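Enquirer: Counting in numbering that gives the first Met the number 0, the sequence shown runs from 0 upward without gaps.
Ideal Cβ placement from N, Cα and C applies to all residues, glycine included.
A quick note: this is a predicted structure, and the numbers were derived from the prediction, not measured.
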Amino acid sequence: MTIQDKLSRVLNNLHEGVALVAVSKRHPASAVQEAYEAGQRDFGESRVQELVSKREELPEDIRWHFIGHLQTNKVKQIAPFIAMVHSIDSYKLLAEVSSRAIENHRCIDCLLQLHVAAEDTKFGMTPEECIEMLELGDWRSLDGVRICGIMCMATNTDDEQRIVSDFERAKETFELIKRRFFAAEPSFAVRSWGMSGDYALAVQHGANMVRIGSALFSEE
Ligand SMILES: *Cc1c(COP(=O)(O)O)cnc(C)c1O
Numbered sequence: 000m001t002i003q004d005k006l007s008r009v010l011n012n013l014h015e016g017v018a019l020v021a022v023s024k025r026h027p028a029s030a031v032q033e034a035y036e037a038g039q040r041d042f043g044e045s046r047v048q049e050l051v052s053k054r055e056e057l058p059e060d061i062r063w064h065f066i067g068h069l070q071t072n073k074v075k076q077i078a079p080f081i082a083m084v085h086s087i088d089s090y091k092l093l094a095e096v097s098s099r100a101i102e103n104h105r106c107i108d109c110l111l112q113l114h115v116a117a118e119d120t121k122f123g124m125t126p127e128e129c130i131e132m133l134e135l136g137d138w139r140s141l142d143g144v145r146i147c148g149i150m151c152m153a154t155n156t157d158d159e160q161r162i163v164s165d166f167e168r169a170k171e172t173f174e175l176i177k178r179r180f181f182a183a184e185p186s187f188a189v190r191s192w193g194m195s196g197d198y199a200l201a202v203q204h205g206a207n208m209v210r211i212g213s214a215l216f217s218e219e
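1) Can you tell me which of the three DSSP states Met132 falls into?
2) Going straight from the alpha carbon of Glu159 to that of Asp41, what length do you get?
3) Run through the DSSP bridge pairs and tell me what Arg190 is partnered with.
4) Compute the minimum distance between the beta carbon of Met194 and the heavy atoms of ligand 1, and state whether it is under 6 Å.
5) Check Arg139 in the structure and name its three-state DSSP category.
6) Considering only heavy atoms of ligand 1, does any lie closer than 6 Å to the CB of Val189?
7) Any heavy atom of ligand 1 within a distance shorter than 6 Å of the CB on Gly123?
8) Is it the case that the CB of Ser213 approaches a heavy atom of ligand 1 more closely than 6 Å?
9) Roughly how many angstroms separate the alpha carbons of Gln133 and Ser140, rounded to a whole number?
10) Per DSSP, which residues does Cys109 bridge with? Please list them.
11) From Ala199 to Lys73, what does the alpha carbon distance come to, in whole angstroms?
12) Would a C-beta distance cut-off of 7 Å place Ser186 and Cys147 closer than the cut-off?
13) With DSSP as the reference, please indicate the residues paired to Asp41 in a beta bridge.
14) Going by alpha carbons, who is nearest to Val17 out of Val209, Thr120, Glu174 and Glu118?
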């Protein structure tokens, strides 16, 4: 199957209103180009170096999403162009993205990364930590970022019940945060969860943005 075929297959499985971020990490720029030619514009990368060098070879109108763990000292490399940072896991990182955005005369869309999975290796804030950060309120004065929603990864397991409960936890947290802090802001609307193995469940349980890599780019 070509990348174009795989892309159509995935898009056919997504209903209207669900955005696809094609995760191109560890796949060459030529693979991104192929998906681009089939019409895909949103791509996700999880390492700064790989993203920066790929971007140089590829069309300017690609919207790049940063989905991996982001170190504060690397923010400046992506601030000039990144479309969305999915992996905000601390106030400190959010503040750094904001200052680098302002240096570039930009405002960067950000998602708060929730830790809902069973593994303790996954990054992100627990729902409680996330709410605590928002309650402190300092983020309100950060002019270089716009908080647009929530991102999470489910537990890496075959147990569908566990995956569903992770997504439901993220969805409840999204709704609570929306009510408490962003009720007046329609831009707080993104629920980024679901990957190749669990995106069908993800969209049944609240996702409106999925991040899919291997189902598009890996050999089968
Ligand atoms: C790699 C990755 C994905 C995509 O995973 P696939 O299983 O290849 O679809 C999604 N989100 C994050 C944060 C990732 O690192």
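Expert: To lay it out plainly:
1) Counting from one through the sequence shown, the residue named residue 132 turns up at place 133. Helix at Met132.
2) Against the sequence shown, residue 159 aligns to sequence position 160. Against the sequence shown, residue 41 aligns to sequence position 42. Cα-Cα distance, rounded: 28 Å.
3) As a position in the sequence shown, residue 190 is number 191, starting the count at 1. Paired residues: Ile149.
4) Numbered from its first residue, the sequence shown carries residue 194 at position 195. True, at least one ligand heavy atom lies under 6 Å from that Cβ.
5) Taking the first residue of the sequence shown as position 1, residue 139 is located at position 140. Helix, per DSSP.
6) As a working mapping, residue 189 is identified with position 190 in the sequence shown. Not under cutoff, so the answer is no.
7) Locating residue 123 in the sequence shown gives position 124, counting from the first residue. For ligand 1, not one heavy atom lies less than 6 Å from the Cβ of Gly123.
8) Reading the sequence shown from its first residue, position 214 is the one you call residue 213. It does: the Cβ of Ser213 is within 6 Å (strictly closer) of some heavy atom of ligand 1.
9) The residue labelled residue 133 in the question sits at position 134 within the sequence shown. The residue labelled residue 140 in the question sits at position 141 within the sequence shown. Looking at the sequence itself, residue 133 is Leu, so the reference to Gln does not match. So the alpha carbons of these two residues sit roughly 12 Å apart.
10) The sequence position of residue 109 within the sequence shown is 110, counting from 1. Cys109 pairs with Val84 and Ile146.
11) If you number the sequence shown from 1, residue 199 lands on position 200. If you number the sequence shown from 1, residue 73 lands on position 74. Spanning the two alpha carbons is a distance of roughly 33 Å.
12) Within the sequence shown, numbered from 1, the residue matching residue 186 stands at position 187. Within the sequence shown, numbered from 1, the residue matching residue 147 stands at position 148. Taking 7 Å as the Cβ cut-off, Ser186 and Cys147 qualify as a contacting pair.
13) Position 42 of the sequence shown, counted from the start, is the residue given in the question as residue 41. DSSP, once it has assigned bridges, lists Arg62 as partnering Asp41.
14) Stepping through the sequence shown from its first residue, residue 17 is reached at position 18. It is Val209.
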